[in-house]
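Asks: So the mapping is simple: the working numbering equals the position in the sequence shown, first residue as 1, plus 72. Even glycine gets a Cβ: it sits at the ideal position worked out from N, Cα and C.
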Amino acid sequence: MKLLLDDKTTRGHNLNANEACIFAAILKCTRAGRGWYGNYRELAAAMPFVMSYKTANRAVQKLLTLGLIETREEKLFSVGQIVPTDGQNVPNDGQNVPENGQIVLPPNNPLNINNDMERDNIATCAQTCDTRTPKTPDFVDLIEIFIEKGGKPAEGATRAAIDAWSKCSIAKRTKLLAAVKSGAHFKPRLDWLISDFPEPQPRWLRGDEGGDIVQVKYNGAFKLCSRADMELFGLQWVRDW
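Dropping the structure here:
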């Protein structure tokens, strides 16, 4: 399952990497109008890295306590999301029985993440609802390329990697993804892969290089760079050159 992490919620509620990913999965299913309907093992298995079902359980309990998610008709939904209703109620199969004060989710999950068509539909819906620009690389994109290059994400390293990723600028995420994909940059651990890649800087021009050059304001000074760099680094446009 591809996840889009909500940095604002993660930082505002001091969520760790596991809790942030669990919230992202439930948020994604909520935006798809389904909510999460499955047990903790399936929820843990849906993560893009190794997570135990006990860790998923603890994350759900914390998110419930914080009021970020809630249960509706035996499903988990993120709070504040408008969910389309189809008038159908989920029958109670007797498996949602409280155990030691904790919510036990039913073992079957209609959101079958192994079904390509279903996964694509969910991804499309999540992208439509998400406010991030399509150009912004997602953490799961990096994981997929990392695995393609022979990397093996470990739970501890992945948690550290998510923390490192959350501190990267959009420019660094974009450049890092391209460098890993081309083979120009690689580390055996995902967190090292991110932290050892330097934060890129705009390439300043003289003005006679040709091409699509713009003047921008940067740290109180007026400089020249390519339009692509202006967009990548979010620089303040002054005029076309």
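1. Give me the Cα-Cα distance between Ala-91 and Leu-135, rounded to the nearest whole angstrom.
2. Could you work out which residue in Phe-121, Ala-104, Asn-291 and Asn-129 is closest to Asn-111 when comparing CA atoms only?
3. Are the CB atoms of Gly-107 and Lys-147 nearer to each other than 8 Å?
4. Around the C-beta of Ser-124, are 16 or more other C-beta atoms found within 10 angstroms, so that it is buried, or is it exposed?
5. Within its chain, find whatever has a CB closer than 8 Å to the CB of Asn-187; leave out the 5 residues flanking it on each side and keep chain order.
6. By the 10 Å Cβ neighbour count, where 16 or more other Cβ atoms means buried, how is Phe-294 classified, buried or exposed?
7. Just the Cα atoms here: how many angstroms apart are Glu-142 and Ala-226?
8. Please report how far the alpha carbon of Asp-312 lies from the alpha carbon of Ile-94, in whole angstroms.
9. Helix, strand or coil, according to DSSP, for Leu-307 in the structure here?
10. Determine the DSSP secondary structure at Leu-75, reduced to helix, strand or coil.
11. Drop a sphere of 10 angstroms on the beta-carbon of Gly-223, count the other beta-carbons inside from all chains shown, and report buried for 16 or more, exposed for fewer.
12. What's the gap between the Cα of Arg-261 and the Cα of Ala-229?
13. Would DSSP call Tyr-109 helix, strand or coil?
14. In the structure shown, what three-state DSSP assignment does Val-286 receive?
15. Closer than 8 Å, CB to CB, is Asp-79 near chain C or not?
16. Since Pro-270 contacts Asp-301 with CB under 8 Å, what's their CB separation in whole angstroms?
17. Could you please give the first and the last residue of the uninterrupted beta strand (DSSP E) stretch that includes Ala-293?
18. Considering only DSSP beta bridges, list what Glu-142 is partnered with.
19. Buried or exposed: Ala-256, going by 16 or more other Cβ atoms within 10 Å of its Cβ?
20. The alpha helix (DSSP H) that contains Leu-249, what's its start and end?
21. Can you check which of these residues, Glu-145, Arg-144 and Leu-140, is closest to Val-151 by C-alpha distance?
22. Please classify Glu-46: is it buried, with 16 or more other beta-carbons within 10 angstroms of its beta-carbon, or exposed?
23. Using the Cβ count rule (16 or more neighbours within 10 Å means buried), how would you classify Trp-237?
24. Would Ala-250 be called buried (16 or more neighbouring beta carbons within 10 Å of its own) or exposed?
25. Closest by CA to Leu-77, which one among Arg-113, Asp-235 and Gly-105?
Replies: From the atom records:
1. Sequence inspection shows Glu at residue 91; the Ala mentioned does not correspond to that position. Annotation: Glu-91 to Leu-135 spans about 7 Å, alpha carbon to alpha carbon.
2. When the alpha-carbon of Asn-111 is set against those of Phe-121, Ala-104, Asn-291 and Asn-129, the nearest one is in Asn-129.
3. Result yes, Cβ atoms of Gly-107 and Lys-147 sit closer than 8 Å.
4. With fewer than 16 other Cβ atoms within 10 Å, it is exposed.
5. Any reading at Asn-187 is ruled out, since the residue's pLDDT is 41, under 50, leaving its predicted position unreliable.
6. Around the beta-carbon of Phe-294, fewer than 16 other beta-carbon atoms lie within 10 Å, marking it exposed.
7. Straight-line measurement puts the Cα of Ala-226 at about 30 Å from the Cα of Glu-142.
8. Roughly 45 Å between the two C-alpha positions.
9. Note: Leu-307 maps to coil in three-state DSSP.
10. Reduced to three states, the DSSP call for Leu-75 is coil.
11. That one is buried.
12. Answer to the nearest angstrom: the Cα atoms are 7 Å apart.
13. DSSP places Tyr-109 in coil when its eight states are reduced to three.
14. Of the three classes helix, strand and coil, the one that applies to Val-286 here is strand, per DSSP.
15. Included in the structure is just one protein chain, with no chain C present.
16. In fact, because the Cβ distance is near 16 Å, the residues do not count as touching under 8 Å.
17. Run containing Ala-293: 293-298, per the beta strand (DSSP E) assignment.
18. Secondary-structure assignment with DSSP links Glu-142 through a beta bridge to Phe-149.
19. Under this definition Ala-256 is an exposed residue.
20. Here the alpha helix (DSSP H) through Leu-249 covers 242-254.
21. Cα-wise, what sits closest to Val-151 is Leu-140.
22. What is shown of the chain runs 73 to 313, which leaves residue 46 out entirely.
23. The residue in question, Trp-237, is buried, as its Cβ has 16 or more Cβ neighbours within 10 Å.
24. Under this definition Ala-250 is an exposed residue.
25. Measuring from the Cα of Leu-77, the nearest candidate turns out to be Asp-235.
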